[in-house]
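Chains as they are written, first to last, in full-length UniProt numbering: chain R, 1 to 399; chain X, 1 to 285. Shown next, in structure tokens, is the structure this report addresses.
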Ligand code: FES
């Protein structure tokens with residue numbers, strides 16, 4: 001059975017060109033880039049090129065890029081570095097809709113190290129309130145960490161504006177841009193962002209590699225201390241194949257950004273419109289005007305997400321759910337909860353995230369095959385009778 | 001993705017008896033949209049009190065649907081009296097097991113069944129409200145202490161995580177975790193308190209005076225230990241008793257025997273611990 005992969009915010013297919021580019025570094029060119037001999041040195045040169053490709057995509061300087069093992073490491077490093085370089089400040093600002101790489105770490109800092117954390121809320125579309133943000137900043141604030149784009153809804157946050165506000169107040173600004181890099185254009189030269197995290201496997205490089213941008217001149221405290229790799233800012237032998245892959249992936253992302261914003265977003269819109277038209281009582285979560293080109297998060301009222309996912313899985317369709325049952329917790333996604341999506345809808349939410357490898361036929365297949373799944377599950381539901389016609393009466397109405 | 005047994009998957013993908021019985025004799029409704037799962041169970045019962053038909057409507061995840069389907073299969077053809085004895089464990093077992101985090105789906109089945117039977121007998125309406133007895137513990141899922149205590153006892157739950165798996169309480173904001181700990185301690189305390197008044201003491205010398213305890217030690221040595229040693233040409237003499245420390249002396253073949261240490265530990269101390277007090281230690285004087 002063919003897999004229709006619509007879960008690209010979870011991870012992506014390694015681009016065949018990326019795979020080709022790294023193959024020799026597993027077999028023939030396996031030298032250690034830190035070695036003095038030429039055999040290792042040539043790998044060092046390729047790493048340099050990779051660094052430059054990453055920097056180009058973000059429009060920053062090569063020496064502002066630190067390679068890490070993943071987005072989470074980049075996020076943790078950024079926050080820890082900011083706190084360690086400003087030991088007198090005890091306040092952190094983040095949002096309630098961050099990825100656990102930031103959210104759980106902030107909760108840890110709050111609980112175990114007595115930091116004070118402000119979690120900015122959102123409106124029902126997942127938009128942040130800039131006034132609330134401005135008010136939250138205090139002389140004690142060490143760092144603001146806000147994701148560029150949300151992984152569940154695709155919402156894009158006003159990062160440039162928020163970074164500028166932080167800078168005006170002398171506060172370090174970090175953004176977890178794991179979902180945004182490669183999908184939206186980022187120009188760090190003209191922005192006030194101090195640190196930015198990205199992850200390779202979200203943009204068609206393999207898993208296990210990430211990067212952290214640290215603005216030149218910003219005081220930096222490494223998380224991993226040991227060898228002199230990454231100019232002593234991140235010890236540990238380089239994941240050479242990962243880094244080279246990331247470089248290639250960034251190069252391709254720069255080229256394909258146009259496709260992401262036209263072809264991919266058109267397919268996404270087609271999928272969304274097709275499902276909304278065919279399935280009564282379904283609605284999009286998030287801010288349709290301001291979101292990633294590849295993501296849509298749709299709630300199907302009166303059905304439960306895991307059941308939908310497993311039924312889709314039978315047909316080879318892979319997506320994600322914000323339902324509690326898939327996550328190991330019992331409550332629906334913290335993002336949908338922060339947006340006050342009614343339980344009725346939150347439990348049955350499905351995230352479709354596309355990539356340039358998806359095709360029109362795949363989207364047609366989903367539009368054709370998902371409605372009967374929802375219909376069957378609804379037929380089985382005790383709520384279906386009361387909801388004859390299943391007309392959506394708006395958020396909150398059926399809690 | 002959860003690890004489901006083939007049987008769970010089979011019942012989820014091809015649910016048996018999904019739907020409604022229009023002229024049902026008993027209906028049981030549990031759960032709610034807000035909680036993320038809900039089940040309505042319909043039963044039809046004949047004059048001989050046999051369940052001739054059962055159907056369900058479920059809103060929920062794969063294991064909720066599979067549990068409901070399994071439950072109806074288990075019910076059809078069973079006398080009500082027998083059906084009444086079904087527990088959530090039976091439902092989970094029928095499915096070859098459920099992930100522990102999903103046990104509450106089987107609990108929902110059991111609750112719906114109880115409710116349907118009550119409804120059939122005219123003892124209740126169709127909808128099982130949460131017991132609402134006592135104190136509201138988990139605000140996120142509206143679970144009261146009675147229900148939690150009952151789940152702890154029925155399923156021998158040992159941790160907050162267990163409680164969440166079986167009742168959902170504690171699965172949200174986590175604010176109620178301290179209360180859940182308290183209920184666990186309470187339930188365990190009750191179990192301990194229940195054990196104490198039992199007629200048999202925990203060990204033979206429990207509650208004895210010092211003199212009684214000394215006599216008991218003497219008689220165990222005379223009746224259970226000495227004959228065994230004498231059979232091998234040895235003997236033993238009690239020298240001192242100080243609370244639980246007993247000093248003895250080996251005589252005859254036993255004195256100076258290379259395995260006297262083993263005899264002391266295994267036979268002498270072992271017997272005294274078994275027949276008098278498990279805290280006894282025996283040394284050679
Ligand atoms: S009150 Fe129990 S989990 Fe929130």
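By construction, the Cβ of each residue, glycine as well, lies at the ideal position given by its N, Cα and C atoms. Since the structure is predicted, the reported quantities are computational estimates derived from the model, not experimental observations.
So, under 8 Å CB-CB, residue i and residue j are touching, yes? Tell me the CB distance rounded to an integer number of Å.
| i | j | result |
| --- | --- | --- |
| residue 142/R | residue 89/R | 4 Å |
| residue 72/X | residue 17/X | 4 Å |
| residue 216/X | residue 227/X | With 8 Å as the limit, residue 216/X and residue 227/X do not qualify as a contact, their Cβ atoms being about 17 Å apart. |
| residue 10/R | residue 246/R | Contact doesn't hold; Cβ gap of about 18 Å is too wide. |
| residue 200/R | residue 292/R | That belief does not hold up - the Cβ atoms of residue 200/R and residue 292/R are roughly 17 Å apart, past 8 Å. |
| residue 149/R | residue 119/R | Not confirmed; about 18 Å, so no contact. |
| residue 41/X | residue 28/X | 5 Å |
| residue 280/X | residue 246/X | 6 Å |
| residue 26/R | residue 241/R | 6 Å |
| residue 194/R | residue 173/R | 5 Å |
| residue 173/X | residue 137/X | About 13 Å; that fails the 8 Å criterion. |
| residue 14/R | residue 205/R | 7 Å |
| residue 338/R | residue 122/R | 5 Å |
Go to residue i, then tell me how far its beta strand (DSSP E) extends in each direction, as first and last residue.
| i | result |
| --- | --- |
| residue 57/X | 51-59 |
| residue 186/R | Element bounds for residue 186/R: n/a, residue is neither H nor E. |
| residue 283/R | 282-285 |
| residue 120/R | 116-120 |
| residue 228/X | No beta strand (DSSP E) holds residue 228/X; the alpha helix (DSSP H) holding it covers 226-231. |
| residue 128/X | No beta strand (DSSP E) contains residue 128/X, which DSSP labels as neither H nor E. |
| residue 250/X | 245-252 |
| residue 353/R | 349-353 |
Where does the unbroken alpha helix (DSSP H) through residue i begin, and where does it stop?
| i | result |
| --- | --- |
| residue 74/R | 71-85 |
| residue 242/X | Here residue 242/X belongs to no alpha helix (DSSP H); instead the beta strand (DSSP E) covers 234-242. |
| residue 140/X | Element bounds for residue 140/X: n/a, residue is neither H nor E. |
| residue 103/X | 103-120 |
| residue 98/X | No alpha helix (DSSP H) holds residue 98/X; DSSP gives it neither H nor E. |
| residue 134/R | 130-136 |
| residue 215/X | 210-220 |
| residue 167/X | 160-167 |
| residue 235/R | No alpha helix (DSSP H) holds residue 235/R; DSSP gives it neither H nor E. |
| residue 144/R | It is not in any alpha helix (DSSP H) - residue 144/R instead sits in the beta strand (DSSP E) that spans 141-145. |
| residue 92/R | Run containing residue 92/R: none in the alpha helix (DSSP H); it sits in the beta strand (DSSP E), 91-95. |
| residue 6/R | Counting along the chain, residue 6/R falls outside any alpha helix (DSSP H), and DSSP gives it neither H nor E. |
| residue 369/R | 360-380 |
| residue 100/R | 100-112 |
The ligand ZN and residue i: does the residue's C-beta get closer than 7 Å to at least one heavy atom of that ligand?
| i | result |
| --- | --- |
| residue 48/R | The model depicted lacks the ligand ZN and carries the ligand FES instead. |
Within 8 Å of chain C by C-beta, residues of the region 334-360 of chain R in sequence order: Looking at the structure shown, chain C is missing, and the protein chains on hand are R and X.
Counting beta carbon pairs with one atom in the region 114-130 of chain R and one in the region 269-277 of chain R, are three or more of them shorter than 8 Å? They do not touch, by the three-pair rule.
Runs of alpha helix (DSSP H) lying entirely within the region 258-282 of chain X, each at least 4 residues, in chain order: Those alpha helix (DSSP H) runs which fall completely within the region 258-282 of chain X and span 4+ residues are 270-275.
Runs of beta strand (DSSP E) wholly within the region 6-48 of chain X (minimum 3 residues, chain order): The region 6-48 of chain X contains these whole beta strand (DSSP E) runs: 26-32, 37-45.
Any contact between the region 341-350 of chain R and the region 28-37 of chain X? By contact I mean 3 or more CB pairs, one from each, below 8 Å. The answer is yes - the region 28-37 of chain X touches the region 341-350 of chain R, with three or more Cβ pairs under 8 Å.
Contained beta strand (DSSP E) runs [length at least 3] in the region 152-216 of chain R, N- to C-terminal order: The region 152-216 of chain R contains these whole beta strand (DSSP E) runs: 172-176, 195-199, 210-214.
Is it true that the region 12-25 of chain R meets the region 215-230 of chain R, where meeting means three or more beta-carbon pairs spaced less than 8 Å apart? Short answer: they don't touch.
With a threshold of 8 Å, are at least 3 pairs of Cβ atoms found where one atom belongs to the region 206-214 of chain R and the other to the region 60-78 of chain R? Judged by Cβ distances under 8 Å, the region 206-214 of chain R makes contact with the region 60-78 of chain R, as three or more pairs qualify.
Taking three-plus beta-carbon pairs below 8 Å as touching, is the region 101-115 of chain X in contact with the region 153-172 of chain X? Segments in contact, yes.
Those runs of the alpha helix (DSSP H) which lie wholly inside the region 257-345 of chain R and span at least 4 residues: As far as the region 257-345 of chain R is concerned, its whole alpha helix (DSSP H) runs of at least 4 residues are 265-278, 305-314, 334-338.
Where in the region 64-91 of chain X do unbroken runs of the alpha helix (DSSP H), each at least 4 residues long, occur, reported from the N-terminal end onward? DSSP assignment within the region 64-91 of chain X yields the following whole alpha helix (DSSP H) runs of 4 residues or more, N-terminal first: 80-83.
If you pair each beta-carbon of the region 37-52 of chain X with each one of the region 8-26 of chain X, do three or more pairs fall below 8 Å? These segments touch.
Using 8 Å as the cut-off, can you tell me whether the region 240-260 of chain R makes contact with the region 103-116 of chain R, which would need three or more C-beta pairs spanning the two stretches below that distance? Verdict: no, contact absent.
Cβ contact check for the region 170-185 of chain R and the region 301-313 of chain R: 3 or more pairs under 8 Å: Output reads no: the region 301-313 of chain R does not touch the region 170-185 of chain R.
Return the chain-ordered ranges of every alpha helix (DSSP H) run that is complete within the region 12-70 of chain R and spans a minimum of 4 residues. Taking 4 residues as the minimum length, the alpha helix (DSSP H) runs contained wholly in the region 12-70 of chain R are 16-22, 24-27, 38-58, in order along the chain.
Inter-stretch contact (C-beta, 8 Å, three-pair minimum) for the region 31-46 of chain R and the region 259-267 of chain R: Too few Cβ pairs lie closer than 8 Å, so no.
Would you check if the region 90-97 of chain X and the region 3-10 of chain X touch, i.e. whether three or more CB-CB distances between them fall below 8 Å? Short answer: they touch.
Would you check if the region 61-69 of chain R and the region 152-171 of chain R touch, i.e. whether three or more CB-CB distances between them fall below 8 Å? As far as the Cβ criterion goes, the region 152-171 of chain R does not touch the region 61-69 of chain R, which means the pair count is below three.
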